[in-house]
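For the sequence shown, position 283 matches number 283 in UniProt numbering, and the numbering has no gaps at all.
For every residue, glycine included, the Cβ atom is placed at its ideal position computed from N, Cα and C.
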Amino acid sequence: MTTPLGVLGLDALAEDTYRGLVALPSATAPHLAELLGRGTAEIMHALETLAARGLAARSGGDRDRFVAAPPTVALGTLLGQRHDDLRRAELAVATLAEEHRRAVAGRAISDLIEVITGVDGVRHRFDQIQRSAREEVRAFVTSRPVAVPREENAAEDKLVAKGVRYRVVIERAALDEPGTAEAALASVAAGEEIRVVEKLPVKLIMADRELALVSLPATEPARSEHGEPGAVMLHASGLLEALIALFEGTWARARPLRPTDSAALAPDDARILSLMLAGLTDRSISVHLGMSMRTVQRRVHFLMELAGVQTRIQLGWYAAREGWG
């Protein structure tokens, strides 16, 4: 894991040494080594590294004693250099992206499609496409994911936290799988937008309007001779625009999945209502929440009485109007 000052080029030992030095008027390598529980030689090496970076200096005429440079001055200079580096990198990426767009415009269709086979290859491309998104990720999630299970998708939460919009349509059968409904509700609470449909035609993920990865069914010939999963990666093209249109049409008719947290409802009732509105059966809800099906049905009837309605459809309307779900 990168340390807080690692982005400025300091390793963990150098950062710890600088932090220790900042807290003292001055210090020798043996003194800091004792405070930090490290060897004197490695602390001395860290001090010399800090001195070379302008973060520390020897104290007066004592070559064995060091003082820390003021953080706002020394680290501010490093931050300015890093900002300049990032601006140059951004300019280079923008230039390359423009060259890539011009090149894509003249590509043959065979150059816009890449066939990937094997779990590792699909996972690698899936991760690449996600991390390339700057504004939005669109995805269809079907039941029984083969290559990239939800719990192994670490990039998703990080991108949502950075402000990348996630719109995901989940096949209802996928919510019947253990842990999926709870994970979906947690994702919504974290900022994702998730909707549910009865059936999806394909599993896919799209980054902005630039890239898409479409998983191939088990019967497709693009699977390897050993039966491993396959996928097709698409670059910006009319075909990708068609997939975006497919997603938007599916999104428009799908049912929103919302975490129900109304103060009027007990936590178990809120979870039951959320899963019921997502289209899960009473049996599936009972399995997900560890309740008997009779308990689920009793709580649904209680919610209907609380709302003053006669049917589950009316309960859904009431819940939407009152902000229950």
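- D176 places its beta carbon 8 Å or farther from that of A155.
- Using a 10 angstroms sphere on the CB of I170, the tally of other CB atoms reaches 16 or more, which defines it as buried.
- Contact check for V137 and V164: beta-carbon distance about 6 Å, within the 8 Å limit, so the pair qualifies.
- Following the DSSP letters along the chain, one finds P229 in no beta strand (DSSP E), marked with neither H nor E.
- Counting along the chain, the unbroken beta strand (DSSP E) around E136 starts and ends at E136 to V141.
- Out of A184, A69, I244 and L257, the CA that lies nearest to the CA of A278 is found in L257.
- Where A186 is concerned, there is no enclosing beta strand (DSSP E), although the alpha helix (DSSP H) around it starts and stops at T180 to A190.
- At a Cβ-Cβ threshold of 8 Å, I205 and Q130 count as neighbours.
- Listed in chain order, the non-local C-beta contacts of K199 below 7 Å within the same chain comprise E171, local neighbours out to five positions each way being set aside.
- Using a Cβ distance threshold of 8 Å, A174 and V197 do not count as a contacting pair.
- In this chain, V214 is not harboured by any alpha helix (DSSP H); it is covered by the beta strand (DSSP E) spanning L211 to L216.
- Given a length threshold of 4 residues, each whole run of the alpha helix (DSSP H) inside the UniProt domain "HTH luxR-type" (262 to 319) is given here in chain order: 267 to 277, 282 to 289 and 293 to 307.
- Taking each of R299, L213 and L289 in turn and checking the Cα distance to H124, the smallest one comes out for L213.
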